[in-house]
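Structure, as structure tokens:
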Amino acid sequence: MKEHFMELAETCQEGLEYARDALGRGMVGDSLAVIADALEAFSRMEASLQPLLPGLPENRLHELTGRLRGAFDLVVAAHEGGSAGKALEYTQFFLVPGYQRWREELERCLRPFVAS
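With the working numbering, letter number 77 in the sequence shown gets 1063, and the count goes up by one each step, no holes.
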């Protein structure tokens, strides 16, 4: 199961990077669909992680999850407000880097369990 988290986390990141690049090319509809899928996948991972958190080594997942949720909210609000430029800015500077930090922390915490 923990391997599945890591694979899904990687796929989700690839999707967010695609969405960022699509926004940069003006493909707003494509990017919104991918961001919505990434948000759904992230939400499912977040919910599935809850029972595992007490058994994980000390980590920053709670803090990073909150920041990442905020970044998703910014991007969605920019999309809904019709501001592709803001959506690109938020995706490029908050969402993708925030997701990368969250994923790295997730992998750091799960690595000992996957290796065993």
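The beta carbon of each residue, even a glycine, is placed where N, CA and C say it ideally should be.
{"Check": "Chain-order list of residues whose beta-carbon lies under 7 Å from that of residue 1023 (same chain, five-residue window excluded)", "Outcome": "1001"}
{"Check": "Nearest-angstrom Cα separation, counted from residue 1077 out to residue 1005", "Outcome": "8 Å"}
{"Check": "Of the listed residues 1062, 1046, 1029, nearest to residue 1090 (C-alpha basis)", "Outcome": "1046"}
{"Check": "Contact the region 1048-1058 vs the region 989-997: 3+ CB pairs below 8 Å", "Outcome": "no"}
{"Check": "Limits of the unbroken alpha helix (DSSP H) element including residue 1012", "Outcome": "Note, residue 1012: premise wrong, no alpha helix (DSSP H); not H, not E."}
{"Check": "Distance CB(residue 1027)-CB(residue 1017) smaller than 8 Å", "Outcome": "no"}
{"Check": "Rounded separation between residue 1068 and residue 1087 - CA only", "Outcome": "28 Å"}
{"Check": "Buried versus exposed call for residue 1010 [16 or more other C-beta atoms within 10 Å across all chains shown]", "Outcome": "exposed"}
{"Check": "For residue 975, the nearest candidate out of 1080, 1025, 1039 (CA to CA)", "Outcome": "It is not possible to answer for residue 975, since the shown part of the chain is limited to 987 through 1102."}
{"Check": "6 Å Cβ shell around residue 1084 - same chain, five flanking residues per side excluded", "Outcome": "1053, 1054, 1057"}
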